[in-house]
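These notes are about the structure you will find just below.
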Amino acid sequence: MFDPDLDEPQIEHLLQTAEAVRKDYPNEDWLHLTALIHDLGKVLLLPKFGGLPQWAVVGDTHPLGCAFDEAIVHHKYFKENPDHNNPSYNSKHGIYSHGCGLENVMMSWGHDDYMYLVAKENGSTLPQAGLFIIRYHSFYPLHKSGAYEHLMNKEDEENLKWLQIFNKYDLYSKSKVRIDVEKVKPYYLSLIDKYFPEKLRW
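Going by the numbering used here, the final residue of the sequence shown carries number 324, and the count climbs one at a time with no gaps.
Here is the structure:
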């Protein structure tokens, strides 16, 4: 919905995003790796990883347990959701308190949360900003429209700055210029070794 459709393999998008970030932020190697892996949760579409339907893996994400903000894409369809009329869930804060922090907010499921959990549960040493980018890069109501800012804490506010930087590359780095995979592969493998253990539990 937000990506230009250039009909290219996912690896092309990931490498183009990572290389564009690398060019502009050469000293932030964690951001290069974050750009490379941010969409890897889409493996959930593959039979080996459960073969989930597309609607359960991709698309915008949003909080659960509080009102559906009008900034959520296709907002009108939430009228059919039982939570829409449940007084425990349909207020601004719902089950949350002001400034509770996004780590305490349940989000709709998608590839973002899956890859975030893979990184977190495997003990990745990516900084919090990197994990935040992975987990919330499809949370467009927040980083495009400012919705749900009342649930953020100070750490979220700092991490959101990096997410907004990253978002420019995620959405607009697609081009017809192909990346030489073999040329950049050693660099990204070194980053994987730096920030992740040798074996991952998926």
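Glycine residues also receive a C-beta, built at the ideal position from the N, C-alpha and C atoms.
For Asp151, the uninterrupted alpha helix (DSSP H) segment begins and ends at Asp151 to Ile159.
Scanning its chain for C-beta atoms nearer than 7 Å, with the 5 sequence neighbours on each side dropped, one finds around Asp151 the residues Leu313, in chain order. DSSP places Gly252 in the uninterrupted alpha helix (DSSP H) bounded by Gln250 to Tyr258.
Where Asp234 is concerned, the enclosing alpha helix (DSSP H) starts and stops at His233 to Glu243.
In the structure shown, the three-state DSSP call for Pro185 is strand.
At a Cβ-Cβ threshold of 8 Å, Met237 and His160 count as neighbours. Inclusion of Pro319 and Gly245 in the CB contact set at 8 Å is warranted, their separation being smaller than that value. If you draw a straight line from the Cα of Ser219 to the Cα of Leu273, it comes to about 7 Å. Beta-carbon to beta-carbon, Ser230 and His197 are separated by about 13 Å, too far to satisfy the 8 Å threshold.
Exclusion of the five residues before and after Asp205 leaves Tyr211 and Asn212 as the residues of its chain whose Cβ lies within less than 7 Å of its Cβ.
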